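Accompanying notes for the structure given below.
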Amino acid sequence: MVKVSLFYDSKYGNTRLAAEKIAEGIRRKGIEVDLADIKEVRLSGAVCADVLVFGAPNHMASPSRAMKRFVEYLAVADLKATGFAVFGTYAGRTRPVDRAMKKLEAIVQMRMPNLKMVLPGLSLRVSGVRGPMMEGEIDRCIEFGGALADHLRA
Ligand SMILES: Cc1cc2nc3c(=O)[nH]c(=O)nc-3n(C[C@H](O)[C@H](O)[C@H](O)COP(=O)(O)O)c2cc1C
17 MVKVSLFYDS KYGNTRLAAE KIAEGIRRKG IEVDLADIKE VRLSGAVCAD
67 VLVFGAPNHM ASPSRAMKRF VEYLAVADLK ATGFAVFGTY AGRTRPVDRA
117 MKKLEAIVQM RMPNLKMVLP GLSLRVSGVR GPMMEGEIDR CIEFGGALAD
167 HLRA
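Under my numbering, residues 17 to 170 are what the sequence shown spells out, in order.
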């Protein structure tokens, strides 16, 4: 049975909500997922997951510093995982793909070269710096979780 570990960082709660909704989408397809705030994470969960999902807010056109540090920290662990995916929240003008999310994809790929990207990352727009997420974004989170689960079951 495939297992997913989903790690998020969030200052105002929007990326956390996105993480919860992505996890809901994954669980609806019958796949097990652990959700963890990177500020409270225990490493053992990561080591035994097959797929790692990372989500961070855009801070100054990059993933949050805490998330970048977390990826560095995890990269030296003995991981069982073979796949990854990322998502990110941002507050700028609507764009299908946010730069910070793409950077997070590139950072994970560089630091964990043995992991294959399961599917392209998800960019979610929030209203202003504090949110909430724009209309429709929560549905996109659930769909993303579902699509991720479909890839894992295929
Ligand atoms: C210090 C800081 C820098 C930010 N820089 C950007 C930015 O460069 N581009 C952008 O689109 N949003 C930027 N934002 C808005 C965040 O992306 C937004 O606060 C975040 O998506 C909300 O997620 P959270 O509730 O999980 O913290 C910034 C926010 C903070 C606090």
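Using N, Cα and C, we set each Cβ at its ideal position, and we do this for glycine too. If you're wondering where the values come from, they're calculated on a predicted model, not measured in any experiment.
Query: Option in Val145, Ala165 and Leu140 with minimal Cα separation from Cys157; Result: Leu140
Query: Every unbroken alpha helix (DSSP H) within the stretch 21 to 101, with a cutoff of 4 residues, ordered by chain; Result: 30 to 44, 59 to 63 and 81 to 91
Query: Ala107: CB within 7 angstroms of a non-hydrogen atom of ligand 1; Result: yes
Query: Within 8 angstroms, strictly: CB atoms of Ser21 and Ala52; Result: yes
Query: DSSP-derived helix/strand/coil call for Val142; Result: strand
Query: Straight-line Cα distance separating Phe86 from Leu120; Result: 11 angstroms
Query: Residues of its chain near Gly161, where Cβ-Cβ distance is below 6 angstroms and the 5 sequence neighbours each way are ignored; Result: Ile38, Gly41 and Ile42
Query: Environment of Asp25 [buried if 16+ CB atoms lie within 10 Å]; Result: buried
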